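K.L.:
Mind looking over this structure? Questions follow.
In our numbering, the protein residues as written are 156 to 347.
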């Protein structure tokens with residue numbers, strides 16, 4: 156896909172907990188310049204989120220993010236206001252050499268619009284960890300080798316998984332069930 160990202164622009168859509176972590180990783184780990192956009196993101200909010208990290212995130216408009224980013228990474232929740240937030244228009248703004256990364260929710264991206272830009276080679280590629288139908292059916296067009304001019308890196312909604320994280324997740328779920336069975340409040344530790 157991309158062989159060198161140092162000095163490239165990372166566009167983060169959604170600067171919450173995960174988006175901020177992506178911004179830190181891109182800037183500190185790979186030497187990328189970071190720009191961010193979301194519907195209500197302000198420069199003050201971005202500064203507050205990134206305070207103490209040593210990372211400066213430049214808040215830009217949606218169009219500017221899609222036009223200037225070499226990598227666009229999605230980190231917003233899926234809801235009525237964000238469903239299809241990346242459609243044909245936004246994909247059309249992307250550089251031919253750019254890559255779209257979606258580890259959030261498939262519904263953020265209009266599937267047919269993404270298929271079209273990949274089929275026609277209008278963006279370099281996509282890294283997809285989420286799917287419009289999960290698990291991804293064996294006969295899905297997404298699995299078709301050679302169907303894309305752009306490259307597609309696929310994972311089965313487990314791009315975050317390490318052995319440590321899986322152990323931690325199962326431990327938290329066990330504790331949650333034990334509290335629930337004991338009649339205790341499970342609070343924010345709910346099974347997903």
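The beta carbon of each residue, even a glycine, is placed where N, CA and C say it ideally should be.
The structure presented is a predicted model; accordingly, all values stated were derived computationally and were not measured.
With burial defined as no fewer than 16 other Cβ atoms inside 10 Å of the residue's Cβ, what is the status of residue 211: buried or exposed?
P.N.:
exposed
K.L.:
Is it the case that the region 265-283 contacts the region 237-249, given that we only count it when at least three CB pairs across the two stretches are under 8 angstroms?
P.N.:
yes
K.L.:
Please state if the CB of residue 283 and the CB of residue 307 are separated by a distance shorter than 8 angstroms.
P.N.:
yes
K.L.:
Per the contact definition of three or more C-beta pairs closer than 8 angstroms, is the region 221-238 in contact with the region 249-265?
P.N.:
With the cut-off at 8 angstroms, the region 249-265 and the region 221-238 touch.
K.L.:
Measure the C-alpha to C-alpha separation of residue 192 and residue 215 and round it to an integer number of angstroms.
P.N.:
6 angstroms
K.L.:
Considering only C-alpha positions, which residue in the set 190, 342, 163, 186 is nearest to residue 175?
P.N.:
190
K.L.:
Does the distance from the CB of residue 165 to the CB of residue 224 come in under 8 angstroms?
P.N.:
yes
K.L.:
Buried or exposed for residue 279, going by 16 or more other Cβ atoms inside 10 Å?
P.N.:
Result: buried.
K.L.:
Should residue 220 go down as buried or exposed, given a rule of 16 or more other Cβ atoms within 10 Å for buried?
P.N.:
buried
K.L.:
Hey, which unbroken runs of the alpha helix (DSSP H) at 4 residues or more fall wholly within the region 185-233?
P.N.:
198-205, 217-223
K.L.:
If you reduce the DSSP assignment to three classes, tell me which class residue 366 lands in.
P.N.:
Not covered by the structure: residue 366. The range shown for the chain is 156 to 347.
K.L.:
If we ignore side chains and look at the alpha-carbon of each, how far apart do residue 183 and residue 161 end up?
P.N.:
10 angstroms
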